[in-house]
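**Q** One structure coming up, written as C-alpha cells, with questions to follow.
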Amino acid sequence: MLNKYARAFFTRVLTPFAALLLRLGVSPDTVTLIGTGGVMAGALAFFPRGEFFWGTVVITLFVFSDLVDGTMARQSGRSSRWGAFLDSTLDRVADAAVFGGIALWYAGGGANPVLCAVAIFCLAGGQVVSYTKARGESIGLPVNVNGLVERAERLVITLVCAGLAGFETAFGVPRIGILLPVALWVVAAGSLVTILQRMVTVRREAAEADAAARAPADGGTSGRDGAAAAGQGSDAS
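In this text, residue positions in the sequence shown follow the numbering used here: the first is 147, and each later residue adds one.
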C-alpha cells in the first residue's frame, strides 16, 4: 500500500529537488551512496545510545534518497541495471543498520535480551523477505504477491515508533517508550507472515510452471502411444 500510494506522492514532491541536483551535476549513484551513508550514521551513532528521536530525525533526512535517486535516473535517462542493483543492495545495508542499531541498544543500555533478539529477527526477516522475491524471479517466476509487510512498511512502522519513543528520553514524555517494542513485535510478525505468503506463492507458481513444461512432452508421448496402438490394431485385423 505504501509503495503504491505514498511512493507516488513523495516522488511528485521530490521531483523538483531531483531536477536541481541534476543541474548541479550530481549523479543518481552519488545520491544513493550519500543516502545510505546518512542512514547508517544516524542509526549506528544514535540508536545504540538510546537516542531514538534524534537518530530518527537524521535517518529521515536521508531515507528519501531512495526516491530521489530513482527520480533523477528517470529524468536524466540514465536508468541502468547497475543503478538498480546498487540501489537494492544498499537498501539492504541501510535496513540492517537501522535494526542493528536498535539491537545494540537492547544488548547494551536497554538491557533487554528478548527485544534484542526480536530486533535481530526483524533484521534477518527483512533480508529474507527481499530474498524470496529476488530468488523466485531469478528462476523465472513472477512472484505475484507483495505480502503484508514490505520494506516501506517495515521502515515507516519502526522509524515512526522509534521517533515517538525517543520523546521519553529527549523530552521526558512518560511511558511513550513502549511504542518501540510494540513496533518491533509488529514488524517481526509481519515479516514472518510476508515470508510465508511469498513462499506459498512461489510454491504454487513453481508447480504451475513445472506442469506447463511437462504438458507438451506428455501430450507428445500420448500421441505416439496412441498411434502405435492403432498400428497394432491394424496388424491384428
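Note that the Cβ used here is the ideal one computed from N, Cα and C, for glycine as well.
1) Look at residue 241 and residue 297 and say whether their C-beta atoms are less than 8 Å apart.
2) Once DSSP output is grouped into helix, strand and coil, what is the label at residue 320?
3) Measure the CB-CB distance between residue 295 and residue 340 and report whether it falls below 8 Å.
4) Report buried or exposed for residue 158, applying the criterion of at least 16 other Cβ atoms within 10 angstroms of its Cβ.
5) Should residue 257 be listed as close to the ligand MG, given that the test is whether its C-beta is under 7 Å from any heavy atom?
6) Whose C-beta lies closer than 7 Å to the C-beta of residue 261 among residues of the same chain, with five residues either side of it excluded?
7) Taking 8 Å as the threshold (C-beta atoms), are residue 334 and residue 264 in contact?
8) DSSP three-state call for residue 327: helix, strand or coil?
9) Check each candidate in 259, 247, 239, 232 and name the one with the smallest Cα separation from residue 192.
10) Measuring alpha carbon to alpha carbon, tell me which residue in 219, 195, 322 is nearest residue 313.
11) Could you pull the start and end residues of the alpha helix (DSSP H) that residue 245 belongs to?
12) Pop quiz: residue 359 and residue 202 are said to be a contact at Cβ under 8 Å. What is the actual Cβ separation, rounded to whole angstroms?
13) For residue 229, tell me which candidate among 178, 276, 190 has the shortest Cα-Cα distance.
14) Do you know how far the Cα of residue 188 is from the Cα of residue 215?
15) Can the beta-carbon of residue 287 be found closer than 8 Å to that of residue 351?
16) Return the first residue and the last residue of the alpha helix (DSSP H) that residue 222 is part of.
17) Please determine, among 224, 196, 349, 206, the residue with the shortest C-alpha to C-alpha distance to residue 171.
18) For residue 245, count neighbouring Cβ atoms within 10 angstroms of its own Cβ and tell me buried if that reaches 16, exposed if not.
19) Buried or exposed for residue 356, please, with buried defined as at least 16 other CB atoms from any protein chain shown within 10 angstroms of its CB.
**A** For this structure:
1) Counting from 1 along the sequence shown, the entry for residue 241 is found at position 95. Counting from 1 along the sequence shown, the entry for residue 297 is found at position 151. Going by C-beta atoms, residue 241 is nearer than 8 Å to residue 297.
2) Sequence index remark: in the sequence shown, residue 320 carries index 174 (1-based). Here DSSP, grouped into helix, strand and coil, assigns residue 320 to coil.
3) The count along the sequence shown starts at 1 and reaches residue 295 at position 149. The count along the sequence shown starts at 1 and reaches residue 340 at position 194. Result yes, Cβ atoms of residue 295 and residue 340 sit closer than 8 Å.
4) Sequence index remark: in the sequence shown, residue 158 carries index 12 (1-based). Counting of Cβ neighbours within 10 angstroms places residue 158 among the exposed residues, the total staying below 16.
5) For the ligand MG, the structure offers nothing, since it holds no ligand at all.
6) Reading the sequence shown from its first residue, position 115 is the one you call residue 261. If we look at residue 261 and ignore the five residues flanking it on each side, its Cβ neighbours are 252, 327, 330.
7) To locate residue 264, count along the sequence shown from 1; it is residue 118. To locate residue 334, count along the sequence shown from 1; it is residue 188. Less than 8 Å divides the Cβ of residue 264 from the Cβ of residue 334.
8) Walking along the sequence shown from the start, residue 327 turns up at place 181. In the three-state reduction of the DSSP assignment, residue 327 falls in the helix class, which pools H, G and I.
9) The residue labelled residue 192 in the question sits at position 46 within the sequence shown. Closest by alpha carbon: 247.
10) For the purposes of this step, residue 313 is taken as residue 167 along the sequence shown, with counting starting at 1. Ranking the options by Cα distance to residue 313, first place goes to 322.
11) Here residue 245 is taken as the residue at index 99 of the sequence shown, counted from 1. Annotation for residue 245: the continuous alpha helix (DSSP H) segment containing it runs 227-253.
12) Stepping through the sequence shown from its first residue, residue 359 is reached at position 213. Stepping through the sequence shown from its first residue, residue 202 is reached at position 56. About 49 Å separates the two Cβ atoms, so there is no contact after all.
13) The count along the sequence shown starts at 1 and reaches residue 229 at position 83. Looking at 178, 276, 190, the one whose alpha-carbon comes closest to that of residue 229 is 178.
14) Taking the sequence shown and counting its residues from 1, one reaches residue 215 at position 69. Taking the sequence shown and counting its residues from 1, one reaches residue 188 at position 42. Between residue 215 and residue 188, the C-alpha separation is close to 20 Å.
15) Against the sequence shown, residue 287 aligns to sequence position 141. Against the sequence shown, residue 351 aligns to sequence position 205. Yes; because the gap between Cβ atoms is below 8 Å, this pair is in contact.
16) Reading the sequence shown from its first residue, position 76 is the one you call residue 222. Run containing residue 222: 211-222, per the alpha helix (DSSP H) assignment.
17) By 1-based counting over the sequence shown, the position of residue 171 is 25. That would be 224, whose Cα lies nearest to the Cα of residue 171.
18) Residue 245 sits at position 99 when you count from the first residue of the sequence shown. Under this definition residue 245 is a buried residue.
19) As a working note, residue 356 is residue 210 in the sequence shown. Residue 356 is exposed by the Cβ-count criterion.
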